[in-house]
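J.: The structure under discussion is supplied below as structure tokens; questions concerning it will follow.
Now the structure itself:
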């Protein structure tokens with residue numbers, strides 16, 4: 001059976017490129033070593049292989065259902081896998097020792113989590129959301145909230161969710177209608193509905209900790225009135241809270257994760273007759289969206305990792321298939337009775353495999369680079385480094401979420417194409433990977449929202465300091481690459497980066513945000529390609545003059561990206577520079 005990820009690639013990125021061993025000098029990670037990092041990776045690869053991968057197709061075929069009594073039924077394999085995950089202590093991997101955590105670097109923890117995301121996207125979503133939920137409460141919650149909710153989540157006894165969207169509002173959080181009213185005892189009563197809530201109900205754990213956005217009177221219009229609340233399925237005294245499962249959404253992919261419509265405070269589970277689900281305020285009133293962005297940004301990078309993992313496993317399965325499946329003969333072969341050759345002998349198949357390799361390995365580098373920025377931000381003693389890491393992470397987050405969601409999905413499409421007709425059937429895994437991955441351009445902020453975030457906020461904040469920092473980092477890599485003998489590709493990245501700066505200035509020179517942002521998605525895609533080219537240039541510098549098949553494969557994938565992919569940026573930047581009005585001028589009546 002093919003490994004769902006390449007351990008060799010992960011080792012290269014972690015140790016030969018990002019030098020995670022240097023983090024061992026930090027106080028937070030002093031108890032660790034290269035051996036403990038490797039042991040965690042070994043454990044995760046083993047658990048993913050034994051407990052997550054075997055039921056991936058089964059959970060897809062037998063998705064959760066809602067029983068007449070309002071509970072959820074799902075295959076037993078999901079709980080078995082998650083119990084093994086929890087028993088290994090992996091939910092607590094990044095957290096402080098004071099709450100039972102391992103204090104692993106984020107870079108190592110996310111690399112380890114990728115094994116589970118590649119093996120079974122649906123089942124891995126439960127601990128993924130729980131970690132993000134616990135991290136938010138650990139950061140902004142009170143000590144009692146940490147004791148009541150974070151510790152049980154890290155033990156795997158509780159799982160967590162994030163409840164933002166509503167049926168009528170979607171991504172427009174300013175339009176949410178869920179309300180919270182303060183009670184005499186300091187708690188709040190919440191009423192409203194939340195839609196698209198992943199892991200929103202199940203019987204996998206003793207409790208579910210919902211983090212819910214709701215409006216409290218007096219906070220002003222729009223997002224200013226939003227506060228954040230902990231709303232557990234069961235209250236600390238064991239009483240059932242008034243949170244009801246209204247229905248399950250039936251998705252194209254990721255079918256093994258419950259996706260729910262929840263009602264808060266509709267009276268279904270309120271034996272006392274009082275209206276409203278009981279919630280507990282996190283932090284201060286009216287600052288809920290600020291707190292929730294802590295979880296959302298973590299989740300956005302995590303979504304990028306999920307897209308990477310699904311693209312990566314599809315790529316590896318298609319390489320394996322192309323090596324063993326024989327079909328056709330070499331071009332120019334005269335003997336019609338000659339033995340067919342393996343698919344991988346055909347140049348066009350190698351093109352599709354190279355494209356996948358360039359997408360998934362480039363995206364994995366970006367995801368781990370962002371994770372390394374988190375470690376710098378959280379553990380450095382240098383305030384300047386901390387500030388710089390935070391700023392660069394802010395700029396890269398929309399790209400780290402959206403670029404893998406677009407291009408690792410394309411990798412999945414190419415994996416199906418390599419398999420031919422078989423790839424389109426449920427007998428092979430690659431069609432499921434595509435369906436599972438198709439969600440990622442949508443959730444945690446759609447592709448379009450990430451484009452608006454990048455062009456509308458991230459490259460303009462602090463008078464453009466974020467873009468200046470990104471350009472300076474790329475320029476430093478360009479200089480290193482020239483010194484390492486990769487001058488041709490360094491020049492291409494340098495030219496594209498300079499053009500991004502020029503086009504960004506031109507877009508905002510109009511003084512009209514509507515014009516500047518009309519093609520923000522095109523901007524996101526163009527800048528994303530330049531950033532991935534930077535990641536490939538970084539990898540080439542790390543490869544240097546090392547020899548062997550692994551390093552030769554890196555060089556060839558980089559060459560593919562620079563010659564086949566980076567040139568696509570030119571026409572996109574030309575379109576942006578022209579300040580095109582096509583989408584603005586299109587009347588809804590003309591459709």
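Numbering (UniProt numbering), first residue to last: 1 to 591. Quick reminder that beta carbons are idealized off the backbone N, C-alpha and C, glycines included.
1) Along the chain, where does the beta strand (DSSP E) that runs through residue 196 open and close?
2) Please list, in chain order, all residues of the same chain as residue 151 whose beta carbon is under 7 Å from its beta carbon, the five residues on each side excluded.
3) Looking at the strands, I want to know which residues DSSP matches up with residue 240.
4) Which same chain residues, not among the five before or five after residue 480, have their C-beta less than 6 Å away from its C-beta?
5) For a quick check, are the C-beta atoms of residue 51 and residue 81 less than 7 Å apart?
6) Hey, residue 303 and residue 444 are a contact pair by Cβ (cut 8 Å); roughly how many whole angstroms apart?
7) Is there contact between the stretch 242-250 and the stretch 315-327, where contact requires at least three CB pairs shorter than 8 Å?
8) If you draw a straight line from the alpha carbon of residue 487 to that of residue 537, how long is it in whole angstroms?
9) Answer yes if the stretch 46-61 comes into contact with the stretch 388-408, meaning at least three C-beta pairs across the two stretches below 8 Å, and no otherwise.
10) If I'm right that residue 40 touches residue 131 with Cβ under 8 Å, what's the distance once you round it to whole angstroms?
11) Since residue 521 and residue 447 should fall inside the 8 Å C-beta cutoff, what is the C-beta to C-beta distance between them, to a whole number of angstroms?
12) Would you identify the three-state DSSP class for residue 100, choosing helix, strand or coil?
13) Given 8 Å as the limit, is there contact between the stretch 120-140 and the stretch 166-174, that is, 3 or more CB pairs closer than that?
14) So, with DSSP's three-state summary, where would you put residue 428?
15) Exposed or buried, which one is residue 73 when buried takes at least 16 other CB atoms within 10 Å?
16) Report the residue from 79, 71, 66 whose alpha carbon sits nearest the alpha carbon of residue 55.
17) Between the Cα of residue 267 and those of 64, 239, 331, 191, spot the shortest distance and give me the residue it belongs to.
18) Report the rounded CA-to-CA distance for residue 377 versus residue 462, giving the unit in angstroms.
19) Please classify residue 385: is it buried, with 16 or more other beta-carbons within 10 angstroms of its beta-carbon, or exposed?
20) Flag this pair as yes or no: are the beta carbons of residue 470 and residue 523 separated by less than 7 Å?
21) Since residue 535 and residue 365 are thought to touch, with beta carbons under 8 Å apart, how far apart are those beta carbons, to the nearest angstrom?
22) What span of residues does the alpha helix (DSSP H) with residue 207 cover, start to end?
23) Which residue comes first and which comes last in the alpha helix (DSSP H) that contains residue 262?
24) Could you tell me whether the Cβ atoms of residue 400 and residue 311 are closer together than 7 Å?
25) Once the 5 residues before and after residue 177 are set aside, which same chain residues still bring their CB inside 8 Å of it?
26) Any heavy atom of the ligand FMN closer than 6 Å to the Cβ of residue 412?
27) Output the boundary residues of the beta strand (DSSP E) element that contains residue 510.
28) The alpha helix (DSSP H) that contains residue 36, what's its start and end?
29) Excluding sequence positions up to five away, which residues of its chain have a Cβ less than 6 Å from the Cβ of residue 21?
30) Bridge partners for residue 179 per DSSP, in chain order?
31) Compute the distance between the beta-carbons of residue 532 and residue 497, then report whether it is under 7 Å.
32) Skipping 5 residues on each side, what residues in its chain have a beta carbon closer than 6 Å to that of residue 162?
33) Below 8 Å on the Cβ atoms is my guess for residue 2 versus residue 350; work out the distance and round it to an integer in Å.
34) Take residue 511 as the anchor and find which of 438, 328, 579 has the nearest alpha-carbon.
35) Going by alpha carbons, who is nearest to residue 104 out of 115, 90, 116, 117?
36) So within the stretch 427-483, which uninterrupted alpha helix (DSSP H) runs reach at least 4 residues, ignoring any that extend past its ends?
T.: For this structure:
1) Unbroken beta strand (DSSP E) run through residue 196: 188-198.
2) Hits under 7 Å: 99, 100.
3) As a beta-bridge residue in DSSP terms, residue 240 pairs with 234.
4) Within the same chain, residue 480 has close Cβ partners 541.
5) If you check the CB distance, residue 51 and residue 81 come in under 7 Å.
6) In this structure residue 303 touches residue 444 by the C-beta definition: roughly 5 Å separates them, less than 8 Å.
7) Touching, no.
8) Straight across, the Cα-Cα distance linking residue 487 with residue 537 is about 10 Å.
9) They do not touch, by the three-pair rule.
10) Contact between residue 40 and residue 131 is absent: CB atoms are separated by about 14 Å, not below the 8 Å threshold.
11) In this structure, residue 521 and residue 447 form a Cβ contact; the two beta carbons are roughly 6 Å apart against a cut-off of 8 Å.
12) Residue 100: coil per DSSP, three-state reduction.
13) At 8 Å Cβ cutoff, the stretches do not touch.
14) In the displayed model, residue 428 falls within coil according to three-state DSSP, outside both helix and strand.
15) That one is exposed.
16) Ranked by Cα distance from residue 55, the first of 79, 71, 66 is 79.
17) For residue 267, the nearest C-alpha among the options comes from 191.
18) Spanning the two alpha carbons is a distance of roughly 18 Å.
19) Residue 385 is classed as exposed because its beta carbon has fewer than 16 other beta carbons within 10 Å across all chains shown.
20) In this structure, residue 470 lies away from residue 523, with their beta-carbon atoms at least 7 Å apart.
21) Indeed they touch by this definition, with Cβ atoms about 4 Å apart.
22) Premise fails: residue 207 lies in the beta strand (DSSP E), 207-216, not in any alpha helix (DSSP H).
23) Annotation: residue 262 is outside any alpha helix (DSSP H); the continuous beta strand (DSSP E) that includes it extends over 259-264.
24) For residue 400 and residue 311, no; Cβs fall outside 7 Å.
25) Excluding positions up to five away in sequence, the list reads 166, 168, 169, 192, 215.
26) As for the ligand FMN, it is missing from this structure, which has no ligand bound.
27) Counting along the chain, residue 510 sits inside no beta strand (DSSP E), nor does DSSP assign it H or E at all.
28) Counting along the chain, the alpha helix (DSSP H) containing residue 36 begins and ends at 34-47.
29) In chain order, 34 place their CB closer than 6 Å to the CB of residue 21, counting only its own chain and leaving out the 5 sequence neighbours on each side.
30) Looking at the DSSP assignment, residue 179 forms a beta bridge with 191, 215.
31) Taking 7 Å as the cut-off, the Cβ atoms of residue 532 and residue 497 do not count as close.
32) Cβ neighbours of residue 162 beyond the five flanking positions: 211, 295.
33) Cβ-Cβ separation between residue 2 and residue 350: approximately 18 Å, too far for a contact (criterion under 8 Å).
34) Of 438, 328, 579, the residue nearest in Cα terms is 579.
35) Nearest option by C-alpha distance: 90.
36) Entirely contained in the stretch 427-483, the alpha helix (DSSP H) runs reaching 4 residues are, in chain order, 430-437, 447-453, 461-483.
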